[in-house]
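So the structure is just underneath, and the comments pick up after that.
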Amino acid sequence: MRHQVHELIAPVPGTARQIHSFHFGPEQAEGKIYIQSSLHADELPGMLVAWHLKVQLAKLAAAGRLRSEIVLVPIANPVGLEQVLMDIPLGRYELESGQNFNRLFVDLSEAVGNQVEDLLGDDPRHNVELIRAALSTALAAQNADTQLQSQRLVLQRLACDADIVLDLHCDFEAVAHLYTTPEAWPQVEPLARYIGSEANLLATDSGGQSFDECFTLVWWQLQQRFGERFPIPMGSFSVTVELRGQGDVNHGLASLDCQAIIDYLIHFGAITGDAAPLPDLPYPATPLAGVEPVATPVGGLLVFSALPGEYLEAGQLIAEIIDPISDRVTPVHCQKAGLLYARSLRRMATAGMVIGHVAGSEAYRSGYLLSP
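Under numbering that gives the first Met the number 0, the first residue of the sequence shown is numbered 0, with each subsequent residue one higher.
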């Protein structure tokens with residue numbers, strides 16, 4: 000194992016932070032896997048999974064079973080991890096700027112395309128290596144002015160040349176689910192099966208330039224630009240893995256998730272060994288544009304009547320909003336049929352608040368598809 004420390008810009012003297020990356024596998028490896036956790040710093044199940052992975056990867060490396068380099072970043076957001084206000088962790092948004100930690104990663108598709116346009120050829124492997132080198136060079140040339148920008152750049156530089164990028168998150172109260180692209184789904188489906196993902200949400204560009212999409216979009220946009228002239232494979236695919244809810248931090252689940260990721264990497268060929276049999280897929284992949292964010296029209300005490308993991312029919316009751324002053328009870332129904340895969344952790348709703356997400360089979364939304 001090789002331990003690297005990456006310094007971030009200190010906003011004021013005496014407040015320097017670092018990102019730590021752990022590198023497993025041979026120096027001259029066949030391929031690269033990148034795994035990070037807790038980019039939203041108040042989402043901790045993935046951090047425990049990463050700790051279990053670090054232990055298991057060290058054993059696999061000692062046994063000579065790692066074919067690919069595997070880079071692990073257990074704490075992807077030291078900035079947000081320290082944001083605790085009166086015992087409440089605030090790890091989703093940077094307090095100084097108000098920006099979501101998982102948005103606004105730099106888009107270098109045009110710059111990379113301009114750099115490689117006159118160098119591309121008929122060999123797809125050559126083109127992949129060329130694009131990866133150009134992307135790495137472009138990221139190295141980027142300058143950061145703030146701590147948040149430097150954190151984003153460190154993470155992008157670590158992951159830009161990986162074959163697979165796994166970004167471990169969780170929701171508020173949820174079943175296991177994941178986000179990836181339609182193009183990557185055939186390669187991601189085994190991971191969904193091993194992890195027991197109950198909702199698998201697909202979009203090529205969901206908006207916001209999130210961490211996972213800042214890699215896949217580069218390759219997709221280059222395919223759109225050059226695909227009729229040059230063979231350009233998808234040189235990287237990314238997955239946001241949502242490991243249930245914020246309270247699901249325990250060794251039992253973390254051990255199972257760790258083994259699921261290892262089973263997937265064996266199946267992919269990054270680790271030698273016999274792949275475990277593929278479990279059934281709990282729920283088919285559906286478009287992210289088919290997700291219904293169910294909102295309440297009024298504020299009040301939030302009392303759920305549906306659990307994450309339940310399949311709901313169109314018009315089914317999800318929750319009631321109770322006003323204890325007027326005694327008014329407002330039912331909240333979903334409009335579309337689908338799987339309720341996540342719901343709010345809060346129990347006092349505000350008017351217009353999204354209280355749950357239902358994965359429907361038919362796309363009906365467009366534009367920005369992510370939660371804020």
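Idealized CB from N, CA, C, for every residue including glycine. All values derive from a computational prediction rather than experimental measurement.
Requested in this report: Answer with buried or exposed for Val331, where buried requires no fewer than 16 other C-beta atoms within 10 angstroms of its C-beta.
Outcome: Stepping through the sequence shown from its first residue, residue 331 is reached at position 332. With 16 or more other Cβ atoms within 10 Å, it is buried.
Report task. Rounded to whole angstroms, what's the CA-CA distance from Val72 to Arg327? Just pull it up for me. Result -> Start at 1 with the first residue of the sequence shown, and residue 72 comes out as number 73. Start at 1 with the first residue of the sequence shown, and residue 327 comes out as number 328. Using only the alpha carbons, I get a separation of about 49 angstroms.
Query - Span separating the alpha-carbon of Cys213 from that of Ala269 - result: The residue labelled residue 213 in the question sits at position 214 within the sequence shown. The residue labelled residue 269 in the question sits at position 270 within the sequence shown. Each residue's Cα considered, the two are about 23 angstroms apart.
Query raised in the report: Does DSSP put Ile317 in a helix, a strand or coil?
Result: One-based indexing of the sequence shown puts residue 317 at position 318. The answer is strand: DSSP assigns Ile317 an E or B state.
Report task. Measuring only between beta-carbons, confirm whether Val238 sits less than 7 angstroms from chain C. Result -> Although the question refers to chain C, the structure presented lacks it and comprises just one protein chain.
Requested in this report: Check whether the Cβ atoms of Asp166 and Phe210 sit closer than 7 angstroms, and answer yes or no.
Outcome: Your numbering for residue 166 matches position 167 in the sequence shown. Your numbering for residue 210 matches position 211 in the sequence shown. For Asp166 and Phe210, yes; Cβs fall inside 7 angstroms.
Query - Per-residue DSSP class, three states only, for Tyr193 - result: The residue you call residue 193 lines up with position 194 of the sequence shown. It is helical.
Query raised in the report: Residue range of the beta strand (DSSP E) that His39 falls in?
Result: On the sequence shown, residue 39 is found 40 positions in, with the first residue counted as 1. From DSSP, His39 is part of no beta strand (DSSP E); its letter is neither H nor E.
**Report entry** Integer-rounded CB distance, given that Asp170 should sit under 8 angstroms from Gly244
**Finding:** Position 245 of the sequence shown, counting from 1, holds the residue named residue 244. Position 171 of the sequence shown, counting from 1, holds the residue named residue 170. That belief holds up - the Cβ atoms of Gly244 and Asp170 are roughly 6 angstroms apart, short of 8 angstroms.
Query raised in the report: Is DSSP giving Met85 helix, strand or coil here?
Result: Residue numbering aside, residue 85 sits at position 86 when the sequence shown is read from its first letter. Coil.
Query raised in the report: Should the segment 308-326 be called in touch with the segment 245-265, which here means at least 3 C-beta pairs below 8 angstroms?
Result: no
Query raised in the report: Looking only at DSSP bridge pairs, what is Ala284 linked to?
Result: Position 285 of the sequence shown, counted from the start, is the residue given in the question as residue 284. Paired residue(s): Asn199.
Requested in this report: Answer with buried or exposed for His2, where buried requires no fewer than 16 other C-beta atoms within 10 angstroms of its C-beta.
Outcome: Position 3 of the sequence shown holds residue 2. Label assigned to His2: exposed.
**Report entry** Range covered by the beta strand (DSSP E) that runs through Gln17
**Finding:** For this step, residue 17 is matched to residue 18 along the sequence shown. Segment Gln17 to Phe23, the beta strand (DSSP E) holding Gln17.
Query raised in the report: Which residues mark the beginning and the end of the beta strand (DSSP E) in which Asp166 is found?
Result: Position 167 of the sequence shown, counting from 1, holds the residue named residue 166. Counting along the chain, the beta strand (DSSP E) containing Asp166 begins and ends at Ile163 to Asp170.
Query - Every unbroken beta strand (DSSP E) within the segment 285-359, with a cutoff of 3 residues, ordered by chain - result: 290-294, 299-303, 316-321, 328-332, 337-342 and 353-358
Query raised in the report: So Tyr178 is in the beta strand (DSSP E); what residue range does that whole segment cover?
Result: Position 179 of the sequence shown, counted from the start, is the residue given in the question as residue 178. Note, Tyr178: beta strand (DSSP E), His176 to Thr179.
Query raised in the report: Within 10 angstroms of its Cβ, does Leu43 collect 16 or more other Cβ (buried), or is it exposed?
Result: Taking the first residue of the sequence shown as 1, we reach residue 43 at position 44. Per the 10 Å Cβ criterion, buried.
Requested in this report: Mind checking which residues open and close the beta strand (DSSP E) that includes Arg1?
Outcome: Taking the sequence shown and counting its residues from 1, the one referred to as residue 1 is at position 2. Arg1 -> beta strand (DSSP E) spans Arg1 to Glu6.
**Report entry** Collapsed DSSP secondary structure at Val72 in the structure displayed
**Finding:** Your numbering for residue 72 matches position 73 in the sequence shown. DSSP places Val72 in strand when its eight states are reduced to three.
Query - Exposure of Ala140, with buried meaning 16 or more beta-carbon neighbours within 10 Å - result: The count along the sequence shown starts at 1 and reaches residue 140 at position 141. Burial call: exposed.
Query raised in the report: Around the Cβ of Gln146, are there at least 16 other Cβ atoms within 10 angstroms (buried) or fewer (exposed)?
Result: The count along the sequence shown starts at 1 and reaches residue 146 at position 147. Answer is buried; the Cβ neighbour count reaches 16.
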